[in-house]
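J.:
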Amino acid sequence: MSRYKSYHTIENLPNLIGQEVTLNGWVYDTTSKGKLQFIKLRDGSGIVQCVAFKQNISEETFETARSLTQESSVSITGTVKADERAENGVEIDVTGLKLWQLAKDYPITPKEHGIEFLMEHRHLWLRSSRQRAIMRIRAAVAKAIRDFFDGNGFRLQDSPILTPNACEGTSTLFSTEYFDLGNAYLSQSGQLYAEATAMALGRVYTFGPTFRAEKSKTRRHLTEFWMVEPEMAFFDLNDDMDLAEDMVEYIVQYALKTCQPELKIMGRDVSKLEAVRRPFHRMSYTEAVEWLNKNNVKLNKKNQDGTESQYDFPWGEDFGAPQEEAIMSQFDKPCIIHRYPSEVKAFYMKRDPENPKVALAMDMLAPEGAGEIIGGSQREDNYDLLLERIRHENLSEEAFQWYLDLRKYGSVPHSGFGLGLERTVKWISGAEHIREVIPFPRMIYRIVP
RNA sequence: UCCGCAGUAGCUCAGCCGGUUAGAGCAUCUGACUGUUAAUCAGAGGGUCGCUGGUUCAAGUCCGGCCUGCGGAGCCA
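With the first sequence counted from 1, adding 56 to any position gets you my numbering.
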């Protein structure tokens, strides 16, 4: 029994048929038919139709019901009735009505709107049933992630968000002044710090916001997004891939178990999600390149005069969206591509002892065009090789002194990966655009609301 | 940053080859209706045609510049 305030919610109404309840919420839609007023009430847990019949209630209550507008806040008292005419089998026979506030000119009508308008009203758009469904799926995916790690011996260790330097030295970072210590940067990954905490606690994960100042403008990029990054001592690349598969399977199956109504609102084909069972597909980068060339997937490259030419895909080039899409078109569940050319990968990734031209890196691509949801690797654990890579990339040796220390005092093989929360939610929910799967998206041309 | 597209009522859009008073549906307001689900019916109000300069007897319409946004690429989760 909770000691804080509790009241009836709409999702629980089927258990309360015949009882009188008071519901607190907002008017989703109204329509009238003479002496009948139909009020669709939403309370965050669901929507129920409330029927106010003039002969059953006072004149004043009926007039109040008649005056209600979209998104007015109300408490409605009435009897729960099973009714076949109702959309979800239950409706409320109104006996009492308290108006908290009459909303005037709510901008988002039940009709169609353009994306620009909706984004400007994001703070209100979240109230609509489709957006609410996405946010509930997002909450479920985040819970599944935490449950999975907490239940498998991992400890949550938060990495700092303000950092003194670029983690990977490649992406553009947001910078800010940090007292007398010069510039600080918003973290684009918690991984390097997770490596340190993994050496302290064995298996850890960080789960927090990350920031990329790149001017990406696609339906799968945000400038601020949430990422979960596990880091495991004594895990090699294969252990890392096994963990990634287990985790993604768990997340998808958890969403299926707990979010059926939401997936239905989204019109999601759940059979596609049911198919997400281990083992996933795996192929090496080299095999993927062979597959691309065997299937005649060409690489488009701009010439200097602006024209485009097509080439066979050269070994050593990184995959772009067209290559990933082509590869995934043959699969109905995720695929891990591993052992990429080390030249296109970050300095901290360990090179394959059996072939130094490739790094022990892996990406997991999701099906149905969802693209890359995971990037990970086994980390370079040899002090001299890591130092060499830092120098080769022209990174500050001094700034990475603490990171090199991890290779100096009890270095062990270790691995980890990062999973993008929004990309995962986009895939599972079937949302068209990543801006719909975070309450307040931060994008190159939008920071309001 | 590059390529492409758009901006007309609160919203979604139409507006022809430049032409006389700027159009529709929805939303809003008023009225009718005991079963609506994007109700229906009758009526009403609602416009700096993104901004700016130009061409023209005449510009929402043609041309230039700017602003804002959208779609995609690259980068990546």
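By construction, the Cβ of each residue, glycine as well, lies at the ideal position given by its N, Cα and C atoms.
#1: Going by the beta-carbon positions, is the gap between Glu-506 and Phe-336 smaller than 7 Å?
#2: On a Cα-Cα basis, can you pick out the residue from His-179, Lys-401, Arg-395, Thr-78 that is closest to Asp-408?
#3: Is Pro-286 buried or exposed, if buried means 16 or more other CB atoms sit within 10 Å of its CB?
#4: If we count the other Cβ atoms within 10 Å of its Cβ and call it buried at 16 or more, is Gln-316 buried or exposed?
#5: Taking DSSP's pairing of strands, which residues face Ser-470 in a bridge?
#6: Using CA atoms only, rank isn't needed, just tell me which of Tyr-84, Ile-148, Lys-89 is closest to Thr-78.
#7: Nearest by alpha-carbon distance to Leu-155: which of Trp-82, Ser-101, His-169, Thr-262 is it?
#8: Count the other C-beta atoms from every protein chain shown that fall within 10 angstroms of the C-beta of Val-400, then say buried if there are 16 or more, exposed otherwise.
#9: For Arg-178, which residues in the same chain have their Cβ closer than 8 Å to its Cβ, ignoring the five residues on either side in sequence?
#10: Between Gly-152 and Thr-135, is the Cβ-Cβ spacing less than 7 Å?
#11: Beta carbon of Val-493, beta carbon of Lys-482: below 7 Å?
#12: Kindly indicate the opening and closing residues of the alpha helix (DSSP H) around Arg-188.
#13: Could you compute how far the alpha carbon of Leu-506 sits from the alpha carbon of Glu-116?
#14: Reducing DSSP to helix, strand and coil, say where Ser-88 ends up.
#15: Let me know the alpha helix (DSSP H) ranges lying completely inside the region 64-139, each 4 residues or longer, listed in chain order.
#16: Quick check on DSSP: helix, strand or coil for Ser-506?
#17: Am I right that Gly-474 and Gly-427 are in contact with their C-beta atoms under 8 Å? What's the rounded C-beta distance?
#18: Quick check on the burial criterion: 16 or more other C-beta atoms within 10 angstroms. Buried or exposed for Leu-237?
#19: Label Glu-140 either buried or exposed according to how many other C-beta atoms from any shown protein chain fall within 10 Å of its C-beta, with 16 as the threshold for buried.
#20: Give a yes or no on contact between the region 381-394 and the region 259-271, applying the rule of three or more CB pairs nearer than 8 Å.
#21: Would you give the residue range spanned by the beta strand (DSSP E) that Glu-436 belongs to?
#22: Pick out whichever of Ser-58, Tyr-60, Cys-106 has its Cα sitting closest to the Cα of Ile-66.
#23: Contact defined as beta carbons within less than 8 Å: I believe Met-297 pairs with Arg-324. What is the distance between those atoms, to the nearest angstrom?
T.: Judging by the given coordinates:
#1: Here the chain comprises residues numbered 57 to 505, so residue 506 is not present and cannot be evaluated.
#2: Your numbering for residue 408 matches position 352 in the first sequence. Of His-179, Lys-401, Arg-395, Thr-78, the residue nearest in Cα terms is Arg-395.
#3: For the purposes of this step, residue 286 is taken as residue 230 along the first sequence, with counting starting at 1. Result: buried.
#4: Reading the first sequence from its first residue, position 260 is the one you call residue 316. Classification of Gln-316: exposed, given that the 10 Å Cβ count is below 16.
#5: Along the first sequence, read from residue 1 onward, the residue named residue 470 stands at position 414. Correcting the residue identity first, residue 470 is His in this sequence and not Ser. Beta-bridge pairing links His-470 to Ala-289.
#6: Mapped onto the first sequence, residue 78 falls at position 22. That would be Ile-148, whose Cα lies nearest to the Cα of Thr-78.
#7: Counting from one through the first sequence, the residue named residue 155 turns up at place 99. Per the Cα distances, Trp-82.
#8: The count along the first sequence starts at 1 and reaches residue 400 at position 344. So Val-400 counts as exposed.
#9: Taking the first sequence and counting its residues from 1, the one referred to as residue 178 is at position 122. Taken in chain order, the residues that qualify are Pro-495, Phe-496, Pro-497, Pro-505.
#10: On the first sequence, position 96 is the one that residue 152 refers to. On the first sequence, position 79 is the one that residue 135 refers to. No, they are not a contact pair.
#11: Here the question's residue 493 lines up with position 437 in the first sequence. Here the question's residue 482 lines up with position 426 in the first sequence. A contact, by the Cβ cut-off of 7 Å.
#12: Mapped onto the first sequence, residue 188 falls at position 132. Taken as a continuous stretch (DSSP letters only), the alpha helix (DSSP H) holding Arg-188 covers 185-206.
#13: The question about residue 506 has no answer here: the residues shown for the chain are numbered 57 through 505.
#14: Reading the first sequence from its first residue, position 32 is the one you call residue 88. Residue state, collapsed to three classes: strand.
#15: Secondary structure within the region 64-139: the alpha helix (DSSP H) runs of 4 or more consecutive residues, fully enclosed, are 115-123 (chain order).
#16: Since the first residue of the chain shown is 57 and the last is 505, residue 506 is not available in this structure.
#17: As a first step, residue 474 is located in the first sequence; it is residue number 418 there, counting from the start. As a first step, residue 427 is located in the first sequence; it is residue number 371 there, counting from the start. Contact doesn't hold; Cβ gap of about 14 Å is too wide.
#18: For the purposes of this step, residue 237 is taken as residue 181 along the first sequence, with counting starting at 1. Flag for Leu-237 reads exposed.
#19: As a working mapping, residue 140 is identified with position 84 in the first sequence. Classification of Glu-140: exposed, given that the 10 Å Cβ count is below 16.
#20: The answer is no - the region 259-271 does not touch the region 381-394, with fewer than three Cβ pairs under 8 Å.
#21: By one-based count along the first sequence, residue 436 stands at place 380. According to the DSSP assignment, Glu-436 belongs to no beta strand (DSSP E), since it is labelled neither H nor E.
#22: Looking up residue 66 in the first sequence gives position 10. Of Ser-58, Tyr-60, Cys-106, the residue nearest in Cα terms is Cys-106.
#23: As a position in the first sequence, residue 297 is number 241, starting the count at 1. As a position in the first sequence, residue 324 is number 268, starting the count at 1. Between Met-297 and Arg-324 the beta-carbon gap is near 27 Å, outside 8 Å, which marks them as no contact.
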